[in-house]
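Heads up: the sequence shown is residues 1 to 852, going by full-length UniProt numbering. The C-beta atom is built at its ideal place from N, Cα and C for all residues, glycine as well. Report on one structure; see the data block that follows.
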Amino acid sequence: MLEAGCEPDEVACGTMLCAYARWGRHKAMMSFFSAVQERGITPSTAVFNFMLSSLQKRSLHKNVISIWKQMTEKGVELNHFTFTVVICSLVKEGHAEVAFKTLNQMKSLKFIPEEATYSILISLISKSGNYDDAFRLYEDMRSQGIIPSNFTCASLLTMYYRKEDYPKALALFEEMDMYGIKIDEVIYGLLIRIYGKLGLYEDAQKTFEDVKKLGVISNEKTYTTMAQVHLNAGNIDDALDIMDDMKSKNISFSNFSYGILLRCHIMKEDLASAEAVFQALFKMQIPECDFCNDMLNLYARLGLTEKAKDFIFQIRKIQVEFDEELLKAVMKVFCIEGMVKDAVQLIREFSSNKTFEDSVFTQTFSVAIHGNDRFTAAGIASKPLDQPGAMAFELVLILYIADGNTTKAEETLNVLLKTANGLSVASQLIRKFTKEGDISKAEDLFKLLMKLGTKPEDVAIASLINFYGRQKNLKEALNVFASVANSSRSGSLIYNSIIDSYNRCDKQEEAYMFYREEMKKGHVLGPVAISMLVNGLSNCGRYTEAEAIIHNSLRANLELDTVAYNTFIKAMLQSGKLRLASRVYEHMLSSGVPPSIQTYNTMISVYGRGRNLDKAVKAFDIAQKMGISLDEKAYTNLICYYGKAGKYDEASNLFVRMQEAGIKPGQVSCNVMMNVYAAAGLHQEAEVLMHSMRSSGCNPDSLTYLALIRAYTRVGECSEAEKAIDSMQKEGIPPSCAHFNALLSGFAKGGLIREVERIYNYLMNADQQPDLESHSLMLRCYMDYGRVEEGISLFERISKSVKPDRFIMSAAVHLYRSAGLVLKADGVLRSMNSFEIPFLEKLEVGSKLKAD
1 MLEAGCEPDE VACGTMLCAY ARWGRHKAMM SFFSAVQERG ITPSTAVFNF MLSSLQKRSL
61 HKNVISIWKQ MTEKGVELNH FTFTVVICSL VKEGHAEVAF KTLNQMKSLK FIPEEATYSI
121 LISLISKSGN YDDAFRLYED MRSQGIIPSN FTCASLLTMY YRKEDYPKAL ALFEEMDMYG
181 IKIDEVIYGL LIRIYGKLGL YEDAQKTFED VKKLGVISNE KTYTTMAQVH LNAGNIDDAL
241 DIMDDMKSKN ISFSNFSYGI LLRCHIMKED LASAEAVFQA LFKMQIPECD FCNDMLNLYA
301 RLGLTEKAKD FIFQIRKIQV EFDEELLKAV MKVFCIEGMV KDAVQLIREF SSNKTFEDSV
361 FTQTFSVAIH GNDRFTAAGI ASKPLDQPGA MAFELVLILY IADGNTTKAE ETLNVLLKTA
421 NGLSVASQLI RKFTKEGDIS KAEDLFKLLM KLGTKPEDVA IASLINFYGR QKNLKEALNV
481 FASVANSSRS GSLIYNSIID SYNRCDKQEE AYMFYREEMK KGHVLGPVAI SMLVNGLSNC
541 GRYTEAEAII HNSLRANLEL DTVAYNTFIK AMLQSGKLRL ASRVYEHMLS SGVPPSIQTY
601 NTMISVYGRG RNLDKAVKAF DIAQKMGISL DEKAYTNLIC YYGKAGKYDE ASNLFVRMQE
661 AGIKPGQVSC NVMMNVYAAA GLHQEAEVLM HSMRSSGCNP DSLTYLALIR AYTRVGECSE
721 AEKAIDSMQK EGIPPSCAHF NALLSGFAKG GLIREVERIY NYLMNADQQP DLESHSLMLR
781 CYMDYGRVEE GISLFERISK SVKPDRFIMS AAVHLYRSAG LVLKADGVLR SMNSFEIPFL
841 EKLEVGSKLK AD
């Protein structure tokens with residue numbers, strides 16, 4: 001055409017451009033396109049789109065963008081296809097801002113973007129962390145009625161997982177299920193991971209099993225995801241099972257998989273397996289620092305110092321590239337072992353390494369090692385130590401203390417104390433030593449500080465005292481206290497620890513004397529120490545001293561906390577000083593200290609024991625009105641006192657209210673309610689409650705049956721009581737003497753002497769012999785119904801096997817006198833006098849016969 005002088009038109013040029021595009025001859029196409037432009041010919045939109053599509057298929061995104069720009073310059077009409085292709089190439093080339101402008105232009109022209117366009121943009125901005133924009137884009141897509149692809153869903157789920165927005169992630173899963181969107185292995189892996197983060201381990205395992213059944217697991221990632229969930233949950237054996245399953249499927253292990261396997265064995269402290277996995281890692285490549293660090297920590301936990309040293313030699317030999325964490329771990333081994341030469345050499349090597357030139361740890365370690373020879377005091381004290389700097393000083397101190405070099409340790413400590421927070425670092429190290437049980441190092445550092453005229457922080461002093469207290473070494477605890485007592489006024493932490501030490505050593509009287517001495521000096525122990533002291537004194541029955549402390553504290557208007565007041569009230573309740581307990585409570589309220597649920601529980605007991613039921617109920621109601629969530633103990637307490645006051649209906653109603661409040665009755669509260677029914681003889685209600693206990697999974701115990709038996713015997717239903725004993729035996733609950741005694745009492749009240757004898761004789765022949773109450777009940781039955789011979793016979797049989805008892809011996813005197821056996825009666829009386837047992841004059845033989 002050109003040779004003939006026939007100038008090609010738009011159609012001919014367009015045809016040639018499309019032909020080049022179809023053949024994939026893109027260089028020729030772009031060259032021809034330039035020639036077409038020189039002739040002033042502008043191809044149609046369809047031709048441009050054909051070119052754009054061909055270029056994009058070959059990932060020539062820069063050419064796509066170049067042609068698109070020329071289209072816009074020439075004013076070529078852009079259609080839906082054009083925008084779709086161009087936006088994709090803009091994203092691929094990283095032109096996010098232009099891509100979004102182009103999307104907005106597309107939408108302004110009323111073109112609805114395809115799902116793929118939305119998907120690639122959502123993926124782009126979610127990766128950049130713009131989660132809100134990604135979610136808005138997704139909402140825009142859904143508003144167009146477009147159903148997301150699984151790729152879009154995967155992008156969103158990854159975003160929700162990173163953002164820890166798990167509810168939205170689970171909602172999206174439900175949406176995918178609703179629209180029948182195919183869930184692939186990647187999405188299942190994300191779901192497993194999310195369940196793991198939420199602690200829904202069973203759901204994670206179920207999802208994993210479902211994926212296995214579907215046969216969509218193709219690589220290690222899903223296995224390792226499930227194994228990691230188990231590992232994070234502490235289910236190490238389950239994690240190992242997953243890794244074994246993966247191995248059985250011949251799925252090759254990556255570095256990451258070996259890392260999980262190594263963590264499993266390390267958490268199990270399975271040294272042999274951990275070492276085998278590490279060797280497998282080593283065969284693949286030089287192990288990462290994290291794996292080396294994990295192995296060193298395992299050796300440290302197991303106390304295998306020599307193995308740790310050998311391991312360090314090995315990783316140094318194979319030239320593992322250290323990071324700062326691994327360097328710290330290695331230095332820790334050297335310092336704990338007092339390996340001064342190795343530590344100095346290693347820190348010198350890494351100080352000159354460019355990787356560590358900005359490392360605070362290495363720089364500070366050098367400061368600590370070389371001290372004032374290299375750094376001025378002013379330079380050291382210029383700013384406080386951060387965590388790496390503090391750790392460096394700690395390790396250097398450990399190094400010299402382990403090496404026994406007190407001079408160098410003192411020099412290092414001097415340098416440390418010149419920093420802004422040096423004393424705090426040294427004090428925390430003392431605390432760390434005591435926590436780990438390395439008391440000799442703690443003592444050495446404590447003595448060094450005191451030698452330098454610096455008192456450690458209270459937290460360090462308290463940790464030492466607490467250590468000696470736990471060891472029941474009160475002498476050393478007091479020595480530590482004495483060494484710091486004169487330097488400045490002791491803080492509450494120190495007083496807390498010294499009182500705790502007295503209590504642990506069962507030296508409450510000495511603790512009280514210590515308290516008095518400190519009070520004379522004008523020192524205040526603080527609410528915690530006082531609370532501990534009062535609690536210790538009351539627990540060993542020294543209520544007088546406890547009461548004195550309470551009076552002193554209230555008179556001095558000491559600033560007490562809720563726990564201290566609760567301790568005071570409880571101590572006075574235990575000692576029976578109910579009025580003082582009430583006064584302490586009133587003082588607490590007037591001081592503006594908020595009562596706790598423990599306060600109200602104790603006050604219900606105070607008022608209940610003092611037979612002031614109205615006030616007990618009022619305390620319960622006040623707690624409810626204040627919004628305090630009352631627990632089972634509070635309800636049970638009041639139920640118990642309702643029962644003791646004979647208010648059975650109120651007790652029963654409160655028991656129902658407790659359940660309506662969402663509190664499931666436990667064994668104790670059910671047994672208390674059973675006792676209330678027993679006291680009232682309400683055996684039918686007791687039966688219903690026992691049935692309810694069984695249905696709710698709270699099986700009746702020995703005390704439950706005892707209450708049921710008492711309920712039966714209270715109203716003379718002794719045959720039912722005996723059936724209850726048979727039932728408990730069938731359930732494997734052995735009845736005690738208390739159960740049989742309740743039955744003996746029931747038969748005795750009904751005058752059924754033969755039945756009383758039958759039960760008593762059964763006890764005599766059983767593995768469990770009758771107790772004192774059993775003998776007393778049988779003897780009383782004989783005495784009340786005038787069975788003199790049987791009564792005397794019983795007394796003479798048991799007199800040598802039971803301890804002297806007022807009723808039994810008094811009954812014997814009356815029975816002997818009734819039979820005319822005065823000498824024997826006098827003999828028993830003399831025996832009572834020798835034991836200083838008072839005689840019961842008012843007992844009467846045959847009293848029930850006369851009443852009848």
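Pairwise C-alpha distance: residue j and residue i
i      : j      : result
ARG136 : ALA276 : 50 Å
GLU337 : ASN405 : 13 Å
VAL91  : THR84  : 11 Å
GLN667 : ALA134 : 54 Å
VAL563 : VAL459 : 21 Å
GLU731 : THR599 : 39 Å
ASN372 : ASN557 : For ASN372, the predicted structure reports a pLDDT of 48, less than 50, and the residue's modelled location is therefore unreliable. A value from the coordinates is still provided. Those two C-alpha atoms are separated by around 52 Å.
ARG22  : PHE33  : 14 Å
CYS58  : TYR161 : It should be pointed out that residue 58 corresponds to Arg in this sequence rather than to Cys. For ARG58 and TYR161, the distance between alpha carbons rounds to 34 Å.
SER799 : PRO770 : 13 Å
HIS551 : ILE604 : 22 Å
ALA623 : GLY592 : 15 Å
ALA766 : CYS737 : 11 Å
GLU457 : HIS370 : 26 Å
ARG431 : LEU296 : 23 Å
Cβ-Cβ separation, residue j to residue i (assumed contact under 8 Å), whole Å
i      : j      : result
VAL480 : TYR468 : 7 Å
ALA616 : TYR585 : That belief does not hold up - the Cβ atoms of ALA616 and TYR585 are roughly 12 Å apart, past 8 Å.
ALA477 : ILE498 : 6 Å
MET674 : ALA707 : 4 Å
ILE347 : PHE365 : 5 Å
GLU324 : PHE361 : 6 Å
ALA634 : ILE597 : 6 Å
ALA99  : ILE87  : 5 Å
Cut-off 7 Å between Cβ atoms - residues of its own chain near residue i, not counting five sequence neighbours on either side
i      : result
SER553 : ILE530, LEU560
ALA343 : MET331, PHE334, CYS335, LEU399
PHE375 : The pLDDT assigned to PHE375 is 47, lower than 50, so where the model puts this residue is not dependable, and the model offers no usable value.
VAL845 : MET783, GLY786, VAL788, HIS814, LEU815, SER818
MET106 : PHE83, PRO113
TYR131 : MET159, LYS163
Member of the options whose CA lies at the smallest distance from the CA of residue i
i      : options                        : result
CYS264 : LEU281, LEU240, LYS249         : LEU240
ILE465 : GLN144, ASP506, ILE369, THR434 : THR434
HIS230 : ASN250, LEU578, LEU200         : LEU200
SER492 : ALA462, ASN473, ASP805, GLY827 : ALA462
ASN63  : GLU73, LEU52, MET71, ASN232    : LEU52
PRO384 : ILE369, GLN363, ALA420         : ALA420
LYS475 : LYS451, CYS505, GLU457, THR713 : CYS505
SER702 : ASP244, LYS101, SER727, VAL534 : SER727
MET809 : GLY791, LEU823, VAL828, ILE792 : VAL828
LEU109 : SER128, ASP132, PHE81, ILE122  : PHE81
SER692 : ARG714, TYR712, ILE569, SER669 : SER669
GLY453 : GLU773, GLU164, ASN486, GLY716 : ASN486
ILE663 : LEU630, MET690, LEU638, ILE639 : LEU630
Beta-carbon proximity of residue i to residue j, cut-off 7 Å
i           : j      : result
PHE835      : ALA812 : no
TYR648      : ALA680 : yes
ASN671      : THR704 : yes
ILE192      : THR225 : yes
residue 853 : VAL36  : Residue numbering for the chain in the displayed model covers 1 to 852; residue 853 lies beyond these limits and cannot be assessed.
GLN508      : ARG542 : yes
Cut-off 6 Å between Cβ atoms - residues of its own chain near residue i, not counting five sequence neighbours on either side
i           : result
SER126      : ALA134, SER155, MET159
ALA377      : Its pLDDT being 45, under 50, ALA377 is placed unreliably in this model, and the value from its coordinates should be taken loosely. Result list for ALA377: LYS418, in chain order.
residue 853 : The chain is shown from 1 up to 852; residue 853 falls before or after that span and cannot be answered.
Other residues of its chain near residue i: CB distance less than 8 Å, five sequence neighbours each side excluded
i           : result
THR222      : GLU185, TYR188, GLY189, ILE192, PHE208, VAL211
ASP9        : ILE41
LEU448      : THR406, ALA409, GLU410, LEU413
residue 854 : Only positions 1 to 852 of the chain appear in this structure, which leaves residue 854 out of reach.
ALA402      : CYS335, ILE336, GLU337, GLY338, LYS441
ASN232      : GLY196
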